[in-house]
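Colleague: Residue numbers (this note's numbering), protein chains in the order written: chain P, 24 to 271; chain H, 2 to 270. Cβ atoms here follow ideal geometry from the backbone N, Cα and C, with glycine treated the same way. Got a structure here, written out as structure tokens. Questions coming.
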């Protein structure tokens with residue numbers, strides 16, 4: 024029994040990857056144990072990702088930070104920054120190369136959605152360090168809208184739902200905690216409900232993914248190519264992923 | 002007007018970047034433009050061979066950058082077209098010999114005396130590609146109608162968009178009209194459906210290209226070559242002309258012609 028509740032860890036999609044906020048209270052080993060529980064619950068969501076760890080007012084030693092880094096590495100996650108309020112902690116983080124880089128040419132793609140009146144978050148297309156503006160409401164119901172085509176080698180990761188207005192080409196990857204909607208051709212690899220939600224769905228105007236995962240289920244498109252694409256929704260029924268006509 | 006600095010790249014190797022660079026260079030020079038072809042594939046020098054200028058190389062691009070000669074000394078004038086020049090790559094060094102800043106400076110100097118600077122990029126998405134992209138104010142992607150080449154082109158287009166060098170224009174090279182007609186090869190529409198970029202031209206597979214490449218005589222010089230015609234059309238499109246896209250049809254075989262004969266007979270009877 025850990026004294027830090029894993030559910031109190033907040034995960035957000037931010038510029039350059041994911042931000043993971045550890046709650047105040049509890050010792051560092053307890054916080055890390057909670058983090059590990061969270062990583063273990065949804066390994067597919069975190070695997071291969073980049074994480075900025077928000078540690079609040081905690082004072083951390085170099086050793087503490089190495090432990091965090093090693094823990095994340097064991098789950099195939101890169102720790103790229105530690106962000107805290109304690110000056111000494113921040114100094115150590117920067118000596119380990121874990122300081123937050125100055126806002127890199129934080130530009131907003133022309134194709135991006137116009138900023139919502141409330142707030143605008145930047146989200147990175149991993150591997151490209153290209154920024155797309157997204158309006159984001161409170162997590163975990165937050166959605167991310169991307170108005171561009173995702174090309175081979177580009178990857179998008181977000182704890183909420185993702186809507187793409189454009190195509191998802193072969194070799195591109197989308198990993199979402201919630202649903203995935205593609206207003207275009209879906210040919211790449213997608214994982215909906217990657218935080219463990221098997222009620223998540225994937226919809227596309229032309230649903231022909233290389234591979235499709237929902238929660239812990241996995242499937243791929245039939246090998247033969249269809250002549251006439253039609254909008255479809257993929258969901259889990261009786262333990263299998265099935266594709267049904269969209270809108271029924 | 003400032004020179005157009007165009008990088009020709011592909012992601013995948015062997016799709017015809019160098020042949021395309023040479024032929025577009027020749028075609029632009031035939032139209033009276035001052036052109037320099039720059040071989041940025043340091044260590045894997047090829048462009049000089051395709052242009053048939055290998056035996057005239059004294060200095061190369063690395064010599065210019067490292068100050069061993071003047072730019073003017075390294076530029077090789079084409080033996081047929083006085084407006085066409087080549088700046089060859091070094092064969093002894095590797096990609097680390099030239100960095101982005103070097104190439105940007107060099108292209109500024111070349112741009113002052115030419116209308117077009119065509120940069121033949123290295124394959125791949127690593128240092129050589131990034132260096133070749135740095136000075137570009139336009140990019141041409143060369144691909145073949147083949148799934149793996151298109152996949153790599155897609156990746157490269159994403160990187161070009163991220164580097165804000167786009168929009169890239171596309172050349173589909175080595176299209177085999179016969180295979181497309183039988184449904185055994187991706188057609189241009191299939192390629193464009195994935196890549197969603199502007200099409201600059203389609204070049205049919207043409208044995209004359211292989212032969213002319215080996216002889217150092219770019220196909221664009223050959224009035225009769227189908228591929229040469231495509232390259233000449235591409236050059237005109239680069240100059241802003243509206244040139245309709247060629248349609249390619251395999252010459253019908255004897256059996257097909259006989260079949261057609263019988264069909265028309267049947268109808269007329």
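Using beta carbons (cut-off 8 Å, strictly below), is residue 71 (chain P) in contact with chain H?
Modeller: No - not a single Cβ of chain H is within 8 Å of the one on residue 71 (chain P).
Colleague: Name the chain P residues whose beta carbon is nearer than 7 Å to that of residue 155 (chain H)?
Modeller: Per Cβ cutoff of 7 Å: 174, 175, 192 and 194.
Colleague: With 8 Å as the threshold, decide whether the Cβ of residue 152 (chain H) is near any Cβ in chain P.
Modeller: Yes, its Cβ sits closer than 8 Å to a Cβ of chain P.
Colleague: Kindly provide the ranges of any alpha helix (DSSP H) runs that are 4 or more residues long and lie completely inside the segment 15-55 of chain H, ordered along the chain.
Modeller: Listed in chain order, the complete alpha helix (DSSP H) runs (minimum 4 residues) inside the segment 15-55 of chain H are 18-31 and 48-51.
Colleague: Are the segment 207-215 of chain P and the segment 41-61 of chain P touching, with three or more C-beta to C-beta distances below 8 Å?
Modeller: Flag = no, the segment 207-215 of chain P and the segment 41-61 of chain P do not touch.
Colleague: Just to check my reading of the structure: residue 238 (chain P) and residue 223 (chain P) have Cβ atoms closer than 8 Å, yes? What is that Cβ distance to the nearest angstrom?
Modeller: Between residue 223 (chain P) and residue 238 (chain P) the Cβ distance is about 7 Å, and since that is below 8 Å, they are a contact.
Colleague: What separation, rounded to the nearest whole angstrom, lies between the Cα atoms of residue 102 (chain P) and residue 75 (chain P)?
Modeller: Cα to Cα, residue 102 (chain P) sits roughly 6 Å from residue 75 (chain P).
Colleague: Determine which residues of the segment 192-220 of chain H have a Cβ less than 7 Å from any Cβ of chain P, and write them out in chain order.
Modeller: Result list: 195 and 197.
Colleague: With DSSP collapsed to three states, give me the class of residue 249 (chain H).
Modeller: Note: residue 249 (chain H) maps to coil in three-state DSSP.
Colleague: Assuming the contact rule is C-beta atoms closer than 8 Å, residue 220 (chain H) and residue 31 (chain H) should be a hit. Round their C-beta distance to whole Å, please.
Modeller: The pair is not a contact, with the Cβ atoms about 12 Å apart (cut-off 8 Å).
Colleague: Whether or not the segment 206-220 of chain H and the segment 155-168 of chain H are in contact is what I'm after, with contact meaning three or more pairs of Cβ atoms, one per stretch, closer than 8 Å; do they touch?
Modeller: No: fewer than three Cβ pairs fall under 8 Å.
Colleague: Considering Cα atoms alone, identify which of H:182, H:123 and H:140 is closest to residue 5 (chain H).
Modeller: Nearest option by C-alpha distance: H:140.
Colleague: Would you give the residue range spanned by the beta strand (DSSP E) that residue 186 (chain H) belongs to?
Modeller: Here residue 186 (chain H) belongs to no beta strand (DSSP E), and DSSP marks it neither H nor E.
Colleague: With burial defined as no fewer than 16 other Cβ atoms inside 10 Å of the residue's Cβ, what is the status of residue 246 (chain H): buried or exposed?
Modeller: Classification for residue 246 (chain H): exposed.
Colleague: For chain P, find out if any of its Cβ atoms is closer than 8 Å to the Cβ of residue 125 (chain H); answer yes or no.
Modeller: For residue 125 (chain H), the answer is no, since every Cβ of chain P falls outside 8 Å of its Cβ.
Colleague: DSSP three-state call for residue 144 (chain P): helix, strand or coil?
Modeller: Reliability fails at residue 144 (chain P), whose pLDDT of 39 lies under 50, so the model's placement of it is uncertain and the value that follows must be treated cautiously. Reduced to three states, the DSSP call for residue 144 (chain P) is strand.
Colleague: Using 8 Å as the limit for Cβ to Cβ distance, is residue 167 (chain H) near chain P?
Modeller: Not one chain P Cβ lies under 8 Å of residue 167 (chain H).
Colleague: Which runs of the beta strand (DSSP E) at least 3 residues long sit entirely within the segment 196-260 of chain P? Give them in chain order.
Modeller: The qualifying runs are 196-199, 203-209, 212-215, 225-230, 234-237, 240-242 and 255-260.
Colleague: Which class does residue 186 (chain P) belong to by DSSP, given the choice of helix, strand or coil?
Modeller: It is a strand residue.
Colleague: Excluding the five sequence neighbours on either side, which residues of its own chain have a C-beta within less than 7 Å of the C-beta of residue 20 (chain H), listed in chain order?
Modeller: The answer, listed in chain order, is 51, 210 and 214.
Colleague: Give the residues of chain P in contact with residue 1 (chain H), contact being defined as C-beta atoms less than 9 Å apart.
Modeller: Since the first and last residues shown for chain H are 2 and 270, residue 1 (chain H) lies out of range.
Colleague: Just to make sure I have the definition right: I need the residues of chain P whose C-beta is within less than 7 Å of the C-beta of residue 190 (chain H). Which are they?
Modeller: Ordered by position in chain P, no residue passes the 7 Å Cβ test against residue 190 (chain H), which lies about 14 Å from the chain.
Colleague: Quick one, which of P:200, P:108 and P:174 has its alpha-carbon nearest residue 36 (chain P)'s?
Modeller: It is P:200.
Colleague: Leaving aside the five residues before and after residue 205 (chain P) along the sequence, list all residues of the same chain whose C-beta is less than 6 Å from its C-beta, in chain order.
Modeller: So the list reads 187, 191 and 227, once near-sequence residues are dropped.
Colleague: Helix, strand or coil: how does DSSP classify residue 4 (chain H) here?
Modeller: Residue 4 (chain H) falls in the coil class under three-state DSSP.
Colleague: Can you pull out the residues from the segment 22-50 of chain H whose beta carbon lies closer than 7 Å to at least one beta carbon of chain P?
Modeller: Cβ contacts with chain P come from no residue of the segment 22-50 of chain H.
Colleague: If distances are taken between C-alpha atoms only, which option among P:244, P:221, P:268 and P:233 comes closest to residue 260 (chain P)?
Modeller: Nearest option by C-alpha distance: P:221.
Colleague: Residues of chain P with CB under 8 Å from residue 158 (chain H), in chain order?
Modeller: Chain P residues near residue 158 (chain H): 174.
Colleague: Just confirm the distance between the C-beta atoms of residue 158 (chain H) and residue 201 (chain H), as a whole number of angstroms; I'd bet it's less than 8 Å.
Modeller: 13 Å between Cβ atoms; not a contact.
Colleague: Near residue 101 (chain H), what residues of its chain come up, given a Cβ to Cβ distance below 6 Å and the 5 sequence neighbours on each side ignored?
Modeller: Once the five neighbours on either side are set aside, the close Cβ partners of residue 101 (chain H) are 132 and 135.
Colleague: How about residue 261 (chain P): is its C-beta nearer than 8 Å to some C-beta of chain H?
Modeller: Cβ-Cβ to chain H under 8 Å: no for residue 261 (chain P).
Colleague: Could you check how far apart the C-beta atoms of residue 15 (chain H) and residue 175 (chain H) are, in whole angstroms? I think they sit under 8 Å.
Modeller: In fact, because the Cβ distance is near 10 Å, the residues do not count as touching under 8 Å.
Colleague: In the DSSP output, what is residue 267 (chain P) paired with across the bridge?
Modeller: In DSSP, residue 267 (chain P) forms a bridge with P:256.
Colleague: Count Cβ pairs between the segment 41-49 of chain H and the segment 228-237 of chain H that sit closer than 8 Å; are there 3 or more?
Modeller: Contact between the segment 41-49 of chain H and the segment 228-237 of chain H is absent, because fewer than three Cβ pairs lie under 8 Å.
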